[in-house]
Amino acid sequence: MAEDKDRVFAVIGLGQFGVHLATALAEKGFSVIAIDNDQNALDLVKGRVAQALLIDAEEESFTIRAPLDDVDVALVALSQFEVAILAVLYLKQVGVPYIVARAETTIHAHALTKVGADQIINVEEESGKRLAHQLASPHILDVIRLSNAVMLAEVVANKALVGKELRELDLRKQYGINIVAIRRIHLLVSEEGLPTQGEEILLPGPEDKIEASDILIVVGSTSAMDRFKNE
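Quick note on the UniProt record's numbering: the sequence shown kicks off at 1 and runs consecutively.
Written out as structure tokens, the structure reads:
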């Protein structure tokens, strides 16, 4: 396998996950071959990656049509599980040294490993954990009582908040609560070019926008928190 920036990556499947991977790798200076069967998806990365190829990974001929001989790492970012299985099998057959695949469930992860994936990225796992918390206790993930009247809570950002700036929401005026921090999950690419999940804690300003799956760390009175979570 090539060293450092000489490594060549193939990203197969250009949904949101694949586009993020392809562009992040290219920005780090790696050579990236992007593969998808949708020209509109390819247009999102064209000019930013070394090659953007219109090829259907479901067909075995894709390993012949795609220039995989020099690929060091293949990233299978396909949303369709059956197609992902086939892609991993085909990549393994042609001898790609390292295969990373996206899985949506533990069963999918196990199956992809069985057919040859060397690493599994479960990008939905964190969202699933948060959903379970939401179902058990809507919006509120954790609560710490700072006094009899004041609490600090971790709150899942609901759809009404997503995409809006904090100054626009003005939660202090509406509910009497303050957002003191935001926990945000990011898909990251390591220096070796491999995808990982990372979490950052933001100390937001009034111009910062809430993103989907953000967890808001808020402080307020018990009554204010009750009003907020019941909205």
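Ideal Cβ placement from N, Cα and C applies to all residues, glycine included.
- Nearest neighbour of Q93 by Cα position, chosen from I217, I33, A117, turns out to be A117.
- It is roughly 16 Å from the alpha-carbon of I201 to the alpha-carbon of E207.
- The Cβ atoms of A74 and A52 lie no closer than 7 Å to each other.
- Given a length threshold of 3 residues, each whole run of the beta strand (DSSP E) inside the region 34 to 85 is given here in chain order: 51 to 54, 73 to 76.
- Straight across, the Cα-Cα distance linking I210 with V150 is about 24 Å.
- One alpha carbon belongs to T106, the other to N122, and they sit about 8 Å apart.
- With contacts defined by Cβ atoms closer than 7 Å, G220 and I182 do not form a contacting pair.
- With a cutoff of 7 Å on beta-carbon distance, L91 and I85 are scored as not near each other.
- Secondary-structure assignment with DSSP links I182 through a beta bridge to L202, L216.
- Assigned with DSSP and collapsed to three states, R102 falls in strand.
- The alpha-carbon separation between K159 and L152 amounts to approximately 21 Å.
- The three-state reading of DSSP puts A160 in coil, since its state is none of H, G, I, E or B.
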